[in-house]
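Residue numbers (this note's numbering): 63 to 483.
All C-beta atoms in this analysis are idealised placements derived from N, C-alpha and C, irrespective of residue type, glycine included.
Okay, so here's the structure we're looking at.
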Amino acid sequence: MLRKISGITFLLLIIGFLVYKSGAESNSFNDQNVVTVQDLDEIPPTPPIDTYGFEEYRFDIIESRIERNESLYIILNRHGVSPETIHQIQLEARGVLNLNRMIPGQRYRVYKEDNTATAFVWRRTSTEYSIIRWENGVEIQHGTIPVEVRISTVSGTIRSSLANAISNEGVSQRLVVELANIYAWTVDFYGLRVGDQFSAVYEDRFVEGEYIGIGRIKAAEFEHRGNLRKAYYFDNGIQEGYFDEEGNSMRRAMMRVPFEYNPRISSNFSHNRLHPILNQRRPHYGTDYAAPTGTPILAAGDGVITEAQRRGGNGNIVQIRHNSVYKTAYLHLSRFASGIRAGVEVKQGQVIGYVGQTGLATGPHLCYRLYKNNSPINSVTYDFPPSEGLNQDFMGQYLQEIKKLDELLLSSKRGVDLAMY
Ligand SMILES: [Zn+2]
């Protein structure tokens, strides 16, 4: 009776399923509604299956959550699975599934046939699960639940901080972090002004109808002191990242601030500063960031470590040569990140060490220094060159994509909360 699945049979199966569904609901369908499906009675109705692919009519399905101090052993034992079988499961799970990772609150299902448990599903995360069967020998399978993505938009005006502006709009704080990352090179988030405006097009993610958080920001714009800066996400499998409307990268060859968040500047770059300890006037060829001891410090750009050691008043110092033009130095570190030593290559954003107050320092801070052709320059005011822009071959596709995103950005400002495409 089962035919080889050809494209047409597959189509019929789908139509059959639709008819089955509507038939089940209305309990009557007449020939006029069925259009021209002929082999209908040859197609078995698709039985309902649950999220994990189990046929619901075959099993008693017990869904619950892992409780404190519960293990797979305790749960299965309670459902009548023999210690020998559980032991067999534990053996088979080695290297495949870490059963010690069960956390109270995680969901699970036990499947029983004729009062005998034969399968267990462990929902490990909102989207990942593992199936354990032991009917004919132990079998372990992993699966993922599809994430539904809806495009949402948000816009707002800065009143106090970006975080406040966004939480007033009822949107996750995660969006603030993502926006800050996109604009890290181009907008000084500590220089935001009351009245600055922003809009964003972003993904909201759902699993089985339940909200699990935001996904990627697809487009954003910032109006900062009357300057409009747009950013669009592009990924065609070859090139990926955020670009402006002309295809210039939103990233810079170097980060302005070598931290994930902008700490307070406690002392600016100056040619003539009164030194807090020496009490003499001397140049300060760096920017001091006050941050708690242990705050991770990031490499401002790709490069090679040229120095990582303790050196006099500098304390623990790291120096990076980025290319033939730029060098950076990081002073007073409490310690170096593991593996950081002279000769090692680092990537932009990689943790190289931690804030401290070694050497001549009155409190925990980072003295961050930027050199261009061996001359110290002010990293706070310097206009960093952009990193590689969009390949010209992709510009056509890019411009088409951003046209759609622009419409969504515009719709967010008209007060439309949710847009879909
Ligand atoms: Zn300094």
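- DSSP places N289 in the strand class (E or B) of the three-state scheme.
- For S473, the uninterrupted alpha helix (DSSP H) run begins and ends at 457-475, by DSSP.
- Pairing V216 with E231 gives a Cβ-Cβ distance under 7 Å.
- Under DSSP, the beta-bridge partners assigned to R171 are E125, V183.
- For the options P426, T206, R255, the alpha carbon positioned closest to that of S222 is the one of R255.
- Shown here, G421 sits in coil according to DSSP, grouped into three states, outside any helix or strand.
- As computed with DSSP, G275 is found in a beta bridge with R267.
- At a cut-off of 6 Å, the beta-carbon of D266 does not count as near ligand 1: no heavy atom of the ligand is closer than that.
- Counted as a single uninterrupted DSSP element, the beta strand (DSSP E) harbouring T206 occupies residues 201-206.
- For the beta strand (DSSP E) assignment, the uninterrupted runs of no fewer than 3 residues enclosed by the segment 423-455 are, from N- to C-terminal side, 427-434, 437-439.
- Excluding five sequence positions before and after L422, the CB atoms of its chain that fall closer than 7 Å to its own CB belong to I339, G375, given in chain order.
- Taking the Cβ of G348 as the reference point, at least one heavy atom of ligand 1 falls within a distance shorter than 6 Å.
- Listed in chain order, the beta strand (DSSP E) runs fully inside the segment 287-339 are 289-297, 302-305, 326-329, 332-336, counting runs of at least 3 residues.
- With a 10 Å radius around the Cβ and a threshold of 16 neighbouring Cβ atoms, I300 comes out exposed.
- Between S214 and D266, the C-beta spacing is below 7 Å.
- Put simply, the backbone Cα of L452 is about 21 Å away from that of E240.
- Using a 10 angstroms sphere on the CB of I279, the tally of other CB atoms reaches 16 or more, which defines it as buried.
- Ranking A262, W184, Y294, Q342 by CA distance to the CA of N310 puts Y294 first.
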